[in-house]
Structure formats: C-alpha cells, structure tokens
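>
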Amino acid sequence: MHIADMLFTQGFGTRRACAGLVRQGRVRVGGLVVADAQAEVQATGLHFTVDGQHWQYQAHALVMLHKPAGYECSQKPRHHPSVMSLLPTPLRTRGVQPVGRLDEDTTGLMLLTDDGTLIHRLTSPKHHVPKVYEVTARHTVSDAQIVQLLAGVVLDDSPEPVRALAAERVTPLHLRLTLAEGKYHQVKRMLAAAGNRCDALHRSAFGRLVLPAALGIGQWCWVDAATITAEPAAAVG
Ligand code: URA
738 MHIADMLFTQ GFGTRRACAG LVRQGRVRVG GLVVADAQAE VQATGLHFTV DGQHWQYQAH
798 ALVMLHKPAG YECSQKPRHH PSVMSLLPTP LRTRGVQPVG RLDEDTTGLM LLTDDGTLIH
858 RLTSPKHHVP KVYEVTARHT VSDAQIVQLL AGVVLDDSPE PVRALAAERV TPLHLRLTLA
918 EGKYHQVKRM LAAAGNRCDA LHRSAFGRLV LPAALGIGQW CWVDAATITA EPAAAVG
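In this text, residue positions in the sequence shown follow the working numbering: the first is 738, and each later residue adds one.
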C-alpha cells in the first residue's frame with residue numbers, strides 16, 4: 738500500500754492532505770522521514786509517527802475511554818461536550834463511535850470503534866455481554882433490594898422483568914451490579930424500582946475488559962478486539 742493511502746485509511750484526512758503530510762516530511766517510519774507519498778509500506782503491524790506522535794496501523798480502530806462526567810455520548814450533543822472531543826482527530830475522522838451509551842453523569846469504561854460488526858456484536862441483546870457498574874446508592878442497600886435486583890424488577894417500558902446477573906453490596910452505599918443488557922437509564926431505573934436511588938454511577942468493566950487503574954479520567958488507549966471475548970483475563974492493547 739502507498740504510505741499516503743495508508744494514512745488515509747487511518748483518518749489523517751483526504752488523500753490529498755495525506756500526500757501533503759508525507760511530502761512535507763511530517764511522517765516517519767522507523768525514525769526516518771518518508772517524503773515520497775507513493776512509497777510502498779506493509780500496513781499490517783506498521784508503526785509510524787505523524788508530527789512526532791506515535792501511531793500503529795489498525796485495520797479497525799477499537800479504543801477504551803475513561804469517560805469523565807459532564808460528557809455526552811451522542812454525536813450531536815445538546816448540553817455538554819461529546820465524548821468524541823476527547824479523542825484525537827484521526828480517530829474521529831475514521832468514524833469511530835461509541836459502543837452503546839453512558840449517561841452524561843456516568844463515568845468509566847467506554848468502548849469506541851469504527852467496526853460496525855463489532856458494535857452490533859457487543860450491543861446486541863442476543864450476545865449478553867456483561868457490564869459491571871459501581872453504584873453509589875442514596876440509601877443503605879438492603880438484603881431485600883439485592884434479592885429484588887437479582888430476581889428481576891419491572892421497568893416502565895416493558896412488562897418483562899429485568900434482572901441483574903450479579904449484585905454485590907461492597908459497602909452499605911456501594912453496590913456492584915452486573916447487567917447483561919443496556920436499556921436506557923437501566924441501572925438508575927432498576928435502583929429506583931427496588932426502592933433506592935443511584936447517586937453516582939461508574940462502569941468498571943465491559944465483557945472481559947476491566948478499566949485499568951492507570952487510565953486516567955478522560956484518557957483513552959487502544960484495545961485488542963480479541964481481548965473482549967477471549968477466555969483468559971482481560972488485557973489492554
Ligand atoms: N445505566 C444507567 O442508568 N446509566 C448509564 O449510564 C448506564 C447504565
């Protein structure tokens with residue numbers, strides 16, 4: 738593949754803009770400037786820099802973001818900035834979008850990708866990808882509430898009860914809830930249906946991926962798609 742075409746696939750702008758980046762000497766491979774836009778590169782596994790910033794060629798982009806409060810997941814945010822504004826321009830240009838949504842005031846692990854098939858696989862109710870939420874409850878979480886959340890509570894948009902896969906009281910006000918679906922405001926509505934209230938919400942895991950302690954609020958990192966569904970413990974690429 739020509740290096741300018743490779744940059745185009747990675748979201749560095751139009752083909753013309755990518756050729757310009759190369760000709761201006763802003764692209765390096767193995768530390769050396771590649772100034773010929775037609776230079777052939779082996780894209781798979783390629784490491785390169787653009788204006789000194791390191792990148793690795795990815796056929797599809799999959800990243801994990803530590804979402805701060807005060808950001809909307811919508812592409813057209815209404816009251817707060819979009820989570821997309823926390824990602825570098827090439828990721829936005831290549832069409833990365835959130836895998837499901839978190840509320841504006843929810844923090845924690847978000848996945849974003851430009852792989853439509855993966856989005857479908859991870860969000861389809863058929864696949865039951867578990868997500869773990871750390872809930873700060875308004876009132877002490879009672880045994881009866883845990884039993885109710887595990888047995889199933891009825892929400893206002895469906896007669897079918899929704900149940901948590903797991904519900905663990907970590908401290909009197911800290912509930913760890915594992916859910917298989919991702920209905921609108923699901924955790925908050927389940928807590929309310931069980932007679933409590935969610936004061937703060939943080940997603941700590943998605944499938945086999947656990948939010949790494951080293952990933953600061955607002956930071957992102959690459960993820961290897963295989964680690965989400967693979968058998969061994971989660972890893973971050
Ligand atoms: N459930 C909620 O209520 N809000 C979220 O952001 C995620 C799950």
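Where is the CB? At the ideal position from N, CA and C, for every residue including glycine. Here the structure is a predicted model, which is why all the values come from computation and not from measurement.
#1: Buried or exposed: ARG940, going by 16 or more other Cβ atoms within 10 Å of its Cβ?
#2: Suppose contacts are defined by Cβ-Cβ distances below 9 angstroms. Is PRO909 in contact with THR877 by that definition?
#3: Under 5 angstroms, CB to any heavy atom of the ligand URA. Which residues pass, going along the chain?
#4: Which residue spans inside the region 750-804 form an unbroken alpha helix (DSSP H) run of at least 4?
#5: Answer with buried or exposed for GLY845, where buried requires no fewer than 16 other C-beta atoms within 10 angstroms of its C-beta.
#6: Assign GLU871 to one of two classes, buried (16 or more other C-beta atoms within 10 Å of its C-beta) or exposed (fewer than that).
#7: Indicate the three-state DSSP secondary structure (helix, strand or coil) for THR854 in the structure shown.
#8: Have a look at ALA874 and THR915 and give me their C-alpha separation to the nearest angstrom.
#9: Are the region 936-950 and the region 893-908 touching by the rule of at least three beta carbon pairs closer than 8 angstroms?
#10: In terms of residues, what are the limits of the beta strand (DSSP E) holding ASP936?
#11: CB-CB under 6 angstroms to GLU777, same chain, minus the five flanking residues each way: which ones, in chain order?
#12: From GLY698 to LEU948, what distance separates their C-alpha atoms?
#13: With a threshold of 16 other CB atoms inside 10 Å of the CB of ASP851, please say whether the residue is buried or exposed.
#14: Going by CA-CA distance only, name the one from ARG763, GLY919 and GLU905 that's closest to ARG913.
#15: Report the rounded CA-to-CA distance for LEU849 versus LEU828, giving the unit in angstroms.
#16: In terms of DSSP beta bridges, what is CYS958 paired with?
#17: Could you pull the DSSP bridge partners for LYS868 from this structure?
#18: Indicate whether GLY944 and HIS803 have their beta-carbon atoms separated by less than 9 angstroms.
#19: Since I believe LEU892 is in contact with ARG838 (beta carbons under 8 angstroms), could you give me their beta-carbon distance rounded to a whole number of angstroms?
#20: Just tell me which of MET743, HIS791, PRO805 and PHE749 has its CA closest to the CA of GLY832.
#21: Let me check one thing: in DSSP terms, what residues is GLN834 bridge-paired to?
In short:
#1: The residue given as residue 940 occupies position 203 in the sequence shown. Classification of ARG940: buried, given that the 10 Å Cβ count is 16 or more.
#2: Counting from 1 along the sequence shown, the entry for residue 909 is found at position 172. Counting from 1 along the sequence shown, the entry for residue 877 is found at position 140. A distance below 9 angstroms separates the beta carbons of PRO909 and THR877.
#3: Output, sorted by chain position: LEU839, ASP840, THR843, HIS922, GLN923, VAL924 and LYS925.
#4: Fully enclosed alpha helix (DSSP H) runs of 4 or longer: 752-760.
#5: Counted from its first residue, the sequence shown places residue 845 at position 108. That one is buried.
#6: Along the sequence shown, read from residue 1 onward, the residue named residue 871 stands at position 134. If you draw a 10 Å sphere on the C-beta of GLU871, you find 16 or more other C-beta atoms in it, and that means buried.
#7: Looking up residue 854 in the sequence shown gives position 117. Helix, per DSSP.
#8: In the sequence shown, counting from the first residue as 1, residue 874 sits at position 137. In the sequence shown, counting from the first residue as 1, residue 915 sits at position 178. Each residue's alpha carbon lies about 15 angstroms from the other.
#9: No, the region 936-950 does not touch the region 893-908.
#10: Along the sequence shown, one-based indexing puts residue 936 at 199. ASP936 -> beta strand (DSSP E) spans 935-943.
#11: The residue given as residue 777 occupies position 40 in the sequence shown. So the list is empty, once near-sequence residues are dropped.
#12: Outside the shown range of the chain, which is 738 to 974, sits residue 698, and nothing can be said about it.
#13: Translated into the one-based positions of the sequence shown, residue 851 becomes position 114. ASP851 should be labelled buried.
#14: Position 176 of the sequence shown, counted from the first residue, corresponds to residue 913. Ranking ARG763, GLY919 and GLU905 by Cα distance to ARG913 puts GLU905 first.
#15: The count along the sequence shown starts at 1 and reaches residue 849 at position 112. The count along the sequence shown starts at 1 and reaches residue 828 at position 91. For LEU849 and LEU828, the distance between alpha carbons rounds to 9 angstroms.
#16: For the purposes of this step, residue 958 is identified with residue 221 of the sequence shown, where counting begins at 1. Partner residues in the beta bridge of CYS958, as assigned by DSSP, are MET801.
#17: The sequence position of residue 868 within the sequence shown is 131, counting from 1. DSSP lists LEU916 and PHE943 as partners of LYS868.
#18: Counted from its first residue, the sequence shown places residue 944 at position 207. Counted from its first residue, the sequence shown places residue 803 at position 66. Pairing GLY944 with HIS803 gives a Cβ-Cβ distance that is not under 9 angstroms.
#19: Locating residue 838 in the sequence shown gives position 101, where the first residue counts as 1. Locating residue 892 in the sequence shown gives position 155, where the first residue counts as 1. Going by Cβ atoms, the distance from ARG838 to LEU892 rounds to 17 angstroms, so no, they are not a contact pair.
#20: On the sequence shown, position 95 is the one that residue 832 refers to. Nearest neighbour of GLY832 by Cα position, chosen from MET743, HIS791, PRO805 and PHE749, turns out to be PHE749.
#21: Here the question's residue 834 lines up with position 97 in the sequence shown. Per DSSP, THR850.
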